[in-house]
Each structure stands twice: as C-alpha cells, then as structure tokens.
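Novice:
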Amino acid sequence: MYNKVRSISIDGFKTDYIQLQDLEGGQDDIWFIVDDKFLSKKIVNYRNFTPGAQQKEKHKWLKRHADIEMEISVSSDLPNASRKIHLPNGQVLSNSRENLSKGVEGFLKIIDLFETPKTGCYIAAAILTGFHAAAIRERVPSLRVWICCSSDNQTLKDIFKEISKAVVLKTKLEKRKYKIHRKRVLDYQRYLRKDRLEAGFSDFSRVKIHGIKGIRISVPYTNTFALVMNANAGQVREATPYLENAAAIFLNCGRAEPAPLRLTSNDLFGFHPDVLAQFKQAAPYISAMLRQWWEAFDSDKLECEWAKEMEYRARGAFTISDKRIVRLEIESQAMRLQLLYQVLLDFIEWSVFFGLLSEENAAHYQSVAQQVFAPESPISKPTAILRQANAPDVFLAIMRKLAADHSDSIVPEGQECVKHKNFFGAWRTISDVRYLVMEEDAWVQWFSKEVKHMKEVVSPKLDSGNQRSAFLRPLGESALIKKSGDNPRYRYDLFKNGTREKTYVVAIPADSLQAPAA
14 MYNKVRSISI DGFKTDYIQL QDLEGGQDDI WFIVDDKFLS KKIVNYRNFT PGAQQKEKHK
74 WLKRHADIEM EISVSSDLPN ASRKIHLPNG QVLSNSRENL SKGVEGFLKI IDLFETPKTG
134 CYIAAAILTG FHAAAIRERV PSLRVWICCS SDNQTLKDIF KEISKAVVLK TKLEKRKYKI
194 HRKRVLDYQR YLRKDRLEAG FSDFSRVKIH GIKGIRISVP YTNTFALVMN ANAGQVREAT
254 PYLENAAAIF LNCGRAEPAP LRLTSNDLFG FHPDVLAQFK QAAPYISAML RQWWEAFDSD
314 KLECEWAKEM EYRARGAFTI SDKRIVRLEI ESQAMRLQLL YQVLLDFIEW SVFFGLLSEE
374 NAAHYQSVAQ QVFAPESPIS KPTAILRQAN APDVFLAIMR KLAADHSDSI VPEGQECVKH
434 KNFFGAWRTI SDVRYLVMEE DAWVQWFSKE VKHMKEVVSP KLDSGNQRSA FLRPLGESAL
494 IKKSGDNPRY RYDLFKNGTR EKTYVVAIPA DSLQAPAA
C-alpha cells in the first residue's frame, strides 16, 4: 500500500513524479515516476489498454492506493533573465533604450568573435531562434536548433561558458509552492554521481517543494539555450525530448541527430580577444536585452503568426522554376539554415525598429549574414539600406500623398464626425494649431497599406499599443505629430461624445502636410 504525499507534473509531459510512502516497508521520501513501466507492474493488462483507458485506470489506481495531499504543475518555459540589468558591482539599472542598445551591440559581437564569420553567425542565429523554438517547431516539427562541435581547447570551452552565462543569466526560479533550479551548462563529467556509473539528465535540474527535500527531476528546456558537454550517445538520446524546444551547443558529445549543424575545427580556430572582452563587459546588458526578445510578443497568437512569417520567408528562398512540380520537399538541413538566417535578419530589423541598432551597423551584420547563409546569391550592385517608415521624410511623404488622395473624405473644420460614416480624417484646431486628425486604427490601416507599395521601406508592425508607441515616439519628438507629455499616443474626443479617454488619434500639423516649394 502506498500513500501519495505530493504530485509533480512537468509542463508538456504526461509523466507524473509522485512521492510515495511504502507503509509496509517503512520507507519514506521515495520518488517514483508514474509512467507506463510503473503502472504495468501495478495494473493487470495495462499495456493492452487504449490510451484513454490507460488514463482512466491510472486515476482509478491512484485514487484507490494513494491519498493526494498536494499537486504541483511545473512550467518548463522559464525566463532566462530578469527585466532589469544587474551589474557585477551590485548596481541595478533599468532596461532603458540606451542600455538595451548596449545589449544588442554586445550580443552581435558574437558574429565578429571568431576568425570565421560562419561560426559566430551560426551561434547567434541559433540562440535567437532557440528563444522562440517552441512556436517555430509547431510550424516545422523536424527543426532542431542544435550545433555540434569537438575541441579540447580549454579557452574555447571557457568562451562557450561565457556565452551561456550571458544568454541564460537566471537559473533559479521561485514560485508560491516550489523552487526550481535548472543548470545552464550540462557537463556530464562534472556532475557524475557516485552511486551511478554515469550522469543522467535529471542531475541538471532540481525541484524543491516547500518543506520537503529537493528532488532531481528532468525539467524540459523550452525557449532557452543550453550548453551540453561530454555526453555519450546514450545520454544525448535521453536528453533529446527535453532539449528539442531549445537551442543547444553539444561540445565533445556523441552524435546528436542524423544531420546536426556541425562546426569543424577549422571553424573554431582563432578568435579575437578584444571582441571577447567587449562581449564579457556587455554580458548584463545582453541578458536583459534577450529577455525583451524572449517576450517580444504580447500573446501566443502573435508569436505563432511571427513563426509562420519566418517559415514563409525561409520557404521563399527555394523557388520552383518548373510549374509542373506540384509538391516540393525541402531538405531539412537547408530549411534549418534558412530559418536561422531569417530569424537573424528579423532580429536585426527588430533592433533597428526600436532604435537599438544603427542602420550602418545593421547593414554590416546583414551583409555578413548573407555571405554565410546565402553565398550563392551575391549582391550584384550596392543595395540601398532599408529605411524605416517613421523616418521624418518618409512619414511626411506618405501622409502628404494620403491627404491629397483622400482630400474629398476629410471632414471640414466645424463639421461633426459621425462614427458610422466612412471618412479619412478631420481638420481640427487644437491649441491654435490646425491638424489633420485621424482615428489611430484608421491611420494604421491606410498607412500600412501605403507602405507596402513602397520599395526600400520596412513595413512597420503596428498591431499592439506598445508597437504603436515605439513607432510614434520619434515622430512626436520631432513635432511631426501631436503627443501628450511623454506619451506619443494622443487621445482626443473626435466625435464630441465624451469618449476622449478611449479614442486614440494621430494628429499631423496641417503645415507639415504642405509640399515644400520647389
């Protein structure tokens, strides 16, 4: 007979870990995995049941033989760092634009770290992809963002550990009912237990329930990065289901998969000490910046849409020249490289969009990435740097064209706006200044539609309030739109019905919409 004291289930895994007290043997604090192997010994003909029947029999057995005192569900998608920047001297900084910019520039130093640009590009792109690996793998289930390499150079091992420390600063998380500790470096030689011939994956994570001694549990690594060292082929196979939704570097390990992304000794030969020193110095800023990248989307739906866009761009690199081809199967290795390439490019665009990276540096890293991931399509002529839609001249050119094209549907001064009637905007005088006032949602629709037809201009993402604030802020600072204090989003009672607090508008000074004299 058993007494079930605590139950722990791991997010995304059907296996439960339970603490059972053997009342007959008198043993306590023994943890069992309630899986098919365990239950097949307790339930007659368990393996012959259907999956639904197995779950039903499992609950019946637990109800009959165990007394549930507490049930805990452990999430595997844990934050990799805190939002604030913690410097080595104990100082805590906010994640301001200036500090996050240091994080972006420091992180992209990985690309310049090694003599071979391929090495840095692979590592940087893998880390960025790994932070959203779960969403991307829903679109491309065969994807594994793993890099395999071998080296006995202690300096190289230290470099990988420095990268891991900067990328995953936070390894402990405390919840209301439990604490979880998950290693960032999985060194199978270092964590070899005395009571076993070799280490297991459960040796690198520990869950401690309040009031109970911590237990070793195999917690999956989801949307994060891990460095795996000195694991044999069997240990890699055991770790595979727990690491497939994360980025990982396998250093001196057994074969990870049939065709891993491999770095040879030539790829790892030579690095720049000065660049490594800059990377170490920027490590706290890198951690906070990657936390922003990890939670860049307001909802899972937006993250899934982003993953769909990355897949679409990656598949677009493989053109079908013969229209008779009905279906094209893309080689998984080639698809993986294209996905890494597109995520790296999107990260650079994301950094430029929020003002965290200059356009000159962005052009440099885009060029290096193209040489690594798409060398077969060299640039035949210098390409113009993609411009942002909130650049003053670009923004004014778009708004002047829109105002001219829709002049007939702009409500005149003094005439009321009716919500159910379609209109482009309205002329209004605010604080003795005449403005073209548009509902924010209507402005987003017209503005985004016009940008799509413009070459060499990046289409902005204006789905959420935060994205709109980031886009409008430089325009407000340049007095090209009206803002309210530090908030670039302006509220105005356009319909004169007392809905000012809920009506966001974009107000452009009428003088700015006049074309400059030739």
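Residues 14 to 531 (our numbering) are what the sequence shown spells out, left to right. Note that beta-carbon positions come from the ideal geometry of N, C-alpha and C, so glycine has one too. These numbers were taken from a predicted model, which means no experiment stands behind them.
#1: Within 10 angstroms of the Cβ of LYS131, are there 16 or more other Cβ atoms? Answer buried if so, exposed if not.
#2: Can you name the residues that DSSP bridges to PHE263?
#3: What distance in whole Å lies between the Cβ atoms of PHE292 and ILE123, which are believed to be in contact at a cut-off of 8 Å?
#4: So who's on the other strand from TRP564, going by DSSP bridges?
#5: Can the beta-carbon of LEU199 be found closer than 7 Å to that of VAL158?
#6: With a threshold of 8 Å on Cβ separation, who are the neighbours of LEU52 within its own chain once the five nearest residues in sequence on each side are excluded?
#7: Which residue's Cα is closest to the Cα of THR442: ILE149, LYS97, TYR255 and VAL424?
#8: With 16 as the cutoff for other CB atoms within 10 Å, does GLY38 come out buried or exposed?
#9: Nearest by alpha-carbon distance to GLY283: which of THR516, GLN527, ALA212 and ASN166 is it?
#10: DSSP state of PHE360, grouped into three classes?
#11: Report the residue from PHE386, LYS190, LEU182 and TYR204 whose alpha carbon sits nearest the alpha carbon of ARG197.
#12: Using a Cβ-Cβ cutoff of less than 7 Å, which residues in the same chain neighbour SER393 once the five nearest sequence positions on both sides are dropped?
#13: Take the Cβ of TYR325 as the centre, count every other Cβ of all protein chains shown within 10 Å, and call the residue buried at 16 or more, exposed below.
#14: Does DSSP put SER218 in a helix, in a strand, or in coil?
#15: Examine the Cβ distances between the region 502-522 and the region 434-454 and report whether three or more of them are shorter than 8 Å.
#16: Give me the Cα-Cα distance between LYS515 and ASN403, rounded to the nearest whole angstrom.
#17: Could I get the ranges of all uninterrupted alpha helix (DSSP H) runs contained in the region 415-443, with 4 residues as the minimum, in chain order?
#18: Does DSSP put MET467 in a helix, in a strand, or in coil?
#19: Helix or strand or just coil, what does DSSP make of LYS314?
#20: Looking only at C-alpha atoms, which of PRO405, TYR505, TRP363 and SER95 sits nearest to LYS185?
#21: Taking the C-alpha atoms as reference points, what is the distance between PHE436 and GLY329?
#22: Select from ASN479, GLY478, PHE484 and SER477 the residue whose C-alpha is nearest the C-alpha of VAL471.
#23: Please identify the residue among GLU426, ASP418, SER177 and PHE408 whose C-alpha is closest to the C-alpha of PRO297.
#24: Have a look at the DSSP bridge pairing and note the partners of SER380.
#25: Look at the alpha carbon of ALA261 and the alpha carbon of LEU399, and state the distance between them as a whole number of angstroms.
#26: Sort GLY116, GLN305 and SER89 by Cα distance to TYR255 and report the nearest one.
#27: Can you list, in chain order, the stretches of the alpha helix (DSSP H) that have 4 or more residues and sit fully within the region 94-167?
#28: Quick one: grab the DSSP three-state call for ASP200.
#29: Could you pull the start and end residues of the beta strand (DSSP E) that PRO522 belongs to?
#30: Can you name, in chain order, every residue of its own chain whose Cβ lies under 6 Å from the Cβ of GLN351, other than the five neighbours on each side?
Specialist: According to the structure shown:
#1: Within the sequence shown, numbered from 1, the residue matching residue 131 stands at position 118. By the 10 Å Cβ count, LYS131 comes out buried.
#2: Taking the sequence shown and counting its residues from 1, one reaches residue 263 at position 250. PHE263 pairs with CYS161 and VAL241.
#3: Taking the first residue of the sequence shown as 1, we reach residue 123 at position 110. Taking the first residue of the sequence shown as 1, we reach residue 292 at position 279. Contact flag correct, Cβ pair sits at about 7 Å.
#4: No statement about residue 564 is possible, as the shown extent of the chain runs from 14 to 531 and does not include it.
#5: Taking the first residue of the sequence shown as position 1, residue 199 is located at position 186. Taking the first residue of the sequence shown as position 1, residue 158 is located at position 145. No, these two residues do not count as a Cβ contact at 7 Å.
#6: Here residue 52 is taken as the residue at index 39 of the sequence shown, counted from 1. Within the same chain, LEU52 has close Cβ partners TYR59, GLN67, GLU70, LYS71 and TRP74.
#7: Locating residue 442 in the sequence shown gives position 429, where the first residue counts as 1. The residue with the shortest Cα to Cα distance from THR442 is VAL424.
#8: Position 25 of the sequence shown, counted from the first residue, corresponds to residue 38. Caution is warranted here: a pLDDT of 48 is assigned to GLY38, below 50, making its placement in the model unreliable, and no coordinate value can be reported.
#9: Numbered from 1 along the sequence shown, position 270 holds the residue referred to as residue 283. Closest by alpha carbon: ASN166.
#10: As a position in the sequence shown, residue 360 is number 347, starting the count at 1. Helix, per DSSP.
#11: Against the sequence shown, residue 197 aligns to sequence position 184. Here the closest residue by C-alpha is LEU182.
#12: Counting from one through the sequence shown, the residue named residue 393 turns up at place 380. Because the pLDDT of SER393 is 46, which lies under 50, any placement of that residue in the model is unreliable, and the number read from its coordinates should be weighed accordingly. Cβ neighbours of SER393 beyond the five flanking positions: none.
#13: In the sequence shown, the residue the question calls residue 325 occupies position 312. By the neighbour-count rule (16 or more Cβ atoms within 10 Å), TYR325 is not buried but exposed.
#14: By one-based count along the sequence shown, residue 218 stands at place 205. Here SER218 sits in strand by DSSP.
#15: yes
#16: By one-based count along the sequence shown, residue 515 stands at place 502. By one-based count along the sequence shown, residue 403 stands at place 390. Cα to Cα, the separation comes out at about 24 Å.
#17: none
#18: Looking up residue 467 in the sequence shown gives position 454. MET467 falls in the coil class under three-state DSSP.
#19: By 1-based counting over the sequence shown, the position of residue 314 is 301. Three-state result, LYS314: helix.
#20: As a working note, residue 185 is residue 172 in the sequence shown. It is SER95 whose Cα lies nearest to the Cα of LYS185.
#21: Here residue 436 is taken as the residue at index 423 of the sequence shown, counted from 1. Here residue 329 is taken as the residue at index 316 of the sequence shown, counted from 1. So the two alpha carbons sit approximately 38 Å from each other.
#22: Residue mapping note: residue 471 aligns to position 458 of the sequence shown, counting from 1. The candidate whose alpha carbon is nearest that of VAL471 is PHE484.
#23: Position 284 of the sequence shown, counting from 1, holds the residue named residue 297. Measuring from the Cα of PRO297, the nearest candidate turns out to be SER177.
#24: One-based indexing of the sequence shown puts residue 380 at position 367. In DSSP, SER380 forms no bridge with anything.
#25: Locating residue 261 in the sequence shown gives position 248, where the first residue counts as 1. Locating residue 399 in the sequence shown gives position 386, where the first residue counts as 1. Looking at the two C-alpha atoms, the distance is approximately 32 Å.
#26: Residue 255 sits at position 242 when you count from the first residue of the sequence shown. Minimum Cα distance to TYR255 is reached at SER89.
#27: 110-120, 122-126, 130-143 and 146-152
#28: Within the sequence shown, the letter at position 187 stands for residue 200. DSSP places ASP200 in strand when its eight states are reduced to three.
#29: To locate residue 522, count along the sequence shown from 1; it is residue 509. 517-522 is the span of the beta strand (DSSP E), which, as asked, contains PRO522.
#30: Taking the first residue of the sequence shown as 1, we reach residue 351 at position 338. Same-chain partners within the cutoff: ALA327 and ALA330.
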